[in-house]
Each structure stands twice: as C-alpha cells, then as structure tokens.
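Undergrad: Pasting a structure below so you can have a look.
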Amino acid sequence: MGVYHSYTKLTIPIFRKEKKVKIIGIVASPRGARGNTARLLQVVLEGAESQGAEVEVVFLPGRTVLPCKACDTCHKKGRCPQKDDFESIKEKILRSDGLILASPNYIFSVSAQMKAFMDRCCGVIHCMAFEGKYGASVVTSGVGDEKPIADYLNNFLITTGTRPVGSVWATMGTISGEDFPLDIRSQALGLGKKLV
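Take 158 as the starting number for the sequence shown in our numbering and just add one per residue.
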C-alpha cells in the first residue's frame, strides 16, 4: 500500500515494513572524503546511526552533474533528458527518508558542485517531490560566516518539500584532519539523532 507520485512515477509506501530510516548525505566538497565537510557530515551520520538509521553518502565530485539547460523537460516528462548521474542521485533521495546537504563555503555560497545539483532540482522543486522527508545542512569554512549558507541550503530543502530539522557548521581553516571542537561534535551528533 502506498501513494503514487505522478512526477516521480514511484509508489511510496505509507507504512514501511522495516523500521530502519534511511538517510542520504550529499557531499559537495572537491576534497571528497578527506575534507572537513565530509568529516563533519560523517559525525552527523554517526548520530543518525546511533538511533538505528541506515546511512549512505553520495560524493558529487567524482559524479557528473551537468548544468541545467532550462529545457523544461523535467516539468513535462518528469525526468531530465541529460545523460549524467543526476537521475540516479535523485532516485536514491526519493527512496530515502532523510537528506543532508553538505557543502564548504565557497565565496559566501555553496560549492559549484552543490549549485549544479540544486539547479538540476527544478522539476523536484516544481512538484515538491521530496515531500515528507526530513533534512539538514552541514557547512564548513576556512574563514567563517557559515550560517547564511546553512540557511540557504535549508531554504532550498523547503522548496523541495523536505522539512529541515537544523544545521551544523564549523570554521576549520583549510587544513583537513583537525579534530572538531567538542561543542561542534556534540551539535553534529545531536543533529543526526534529530533526523531519525
């Protein structure tokens, strides 16, 4: 038993047979798994896992997400005609319960990889295809001023139908591998627990 979504062409179960919540983390840092953004996201996911969630991380660097061509096919047919990794990433999100967007602060905004992904969500936004999911944002920076970017990501989540539960950010400089301050780590773990 489920609800058929005409945009996504998926039947989403109303009552899941399994109790496990699935959370997808999207990392948009060119530094990948070794960067501070992925490391802070990992702490959030630890919090979610501690509550029994299943987690998966998608690294946008290493995937191909082309810029939006404004062809409007996503509105007319429900799928983007471009041949890249966007549709497979979207499918993962559609089959999850929660979504975390993680980006470094690049000149007072998100990274190019995150912006390309967000721009390609035009059809998702039009139909609020992620409705019913919970979300959060993770932002890191070498110089500070992460809150406006976290707010930007959470506002984007709202436009997709996702309900943000919060955000976490950290100013870490440009060196990867430093330990996060205990208060940041505690906030990140708490955010992950809140998603479940």
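Every residue gets a Cβ at the ideal spot worked out from N, C-alpha and C, and that includes glycine.
For S260, decide whether its Cβ has a neighbour in chain B, counting only Cβ atoms nearer than 8 Å.
TA: Structure shown: chain B not included; a single protein chain is present.
Undergrad: Can you name, in chain order, every residue of its own chain whose Cβ lies under 6 Å from the Cβ of E288, other than the five neighbours on each side?
TA: Reading the sequence shown from its first residue, position 131 is the one you call residue 288. Contacts found: G318.
Undergrad: From K350 to S343, what does the alpha carbon distance come to, in whole angstroms?
TA: As a working mapping, residue 350 is identified with position 193 in the sequence shown. As a working mapping, residue 343 is identified with position 186 in the sequence shown. Cα-Cα distance, rounded: 11 Å.
Undergrad: Please determine, among F216, K233, L352 and L310, the residue with the shortest C-alpha to C-alpha distance to K290.
TA: Working through the sequence shown from its first residue, we reach residue 290 at position 133. Nearest option by C-alpha distance: L352.
Undergrad: Can you give the beta carbon distance from P187 to S268, rounded, assuming they're within the 8 Å contact cut?
TA: Along the sequence shown, one-based indexing puts residue 187 at 30. Along the sequence shown, one-based indexing puts residue 268 at 111. That belief holds up - the Cβ atoms of P187 and S268 are roughly 7 Å apart, short of 8 Å.
Undergrad: Please classify P238 as buried or exposed, where buried requires at least 16 neighbouring CB atoms within 10 angstroms.
TA: Looking up residue 238 in the sequence shown gives position 81. It is exposed - the Cβ of P238 has fewer than 16 other Cβ atoms within 10 Å.
Undergrad: From the DSSP secondary-structure annotation, give me the bridge partner or partners of L256.
TA: Position 99 of the sequence shown holds residue 256. BP columns for L256 point to I181 and G292.
Undergrad: Can you tell me which of L339, N193, F313 and A293 puts its alpha carbon nearest to the alpha carbon of A273?
TA: For the purposes of this step, residue 273 is taken as the residue at position 116 of the sequence shown. Nearest of L339, N193, F313 and A293 to A273, Cα basis: F313.
Undergrad: In the DSSP assignment, the alpha helix (DSSP H) including V353 goes from what residue to what residue?
TA: As a first step, residue 353 is located in the sequence shown; it is residue number 196 there, counting from the start. Here V353 belongs to no alpha helix (DSSP H), and DSSP marks it neither H nor E.
Undergrad: Out of G301, V325 and E303, state which residue places its alpha-carbon closest to the alpha-carbon of G292.
TA: The count along the sequence shown starts at 1 and reaches residue 292 at position 135. Ranking the options by Cα distance to G292, first place goes to V325.
Undergrad: For a test of the three-state rule: what should DSSP assign to G349, helix, strand or coil?
TA: Within the sequence shown, residue 349 is the residue found at index 192, counting from 1. Here G349 sits in helix by DSSP.
Undergrad: Helix, strand or coil for T221? Go by DSSP, reduced to three states.
TA: For the purposes of this step, residue 221 is identified with residue 64 of the sequence shown, where counting begins at 1. If DSSP states are grouped into helix, strand and coil, T221 belongs with coil.
Undergrad: Could you tell me the alpha carbon to alpha carbon distance between K226 and D340, rounded to whole angstroms?
TA: Position 69 of the sequence shown, counting from 1, holds the residue named residue 226. Position 183 of the sequence shown, counting from 1, holds the residue named residue 340. Approximately 42 Å, taken between the alpha carbons.
Undergrad: Let me check one thing: in DSSP terms, what residues is T297 bridge-paired to?
TA: As a first step, residue 297 is located in the sequence shown; it is residue number 140 there, counting from the start. Paired residue(s): P261 and A327.
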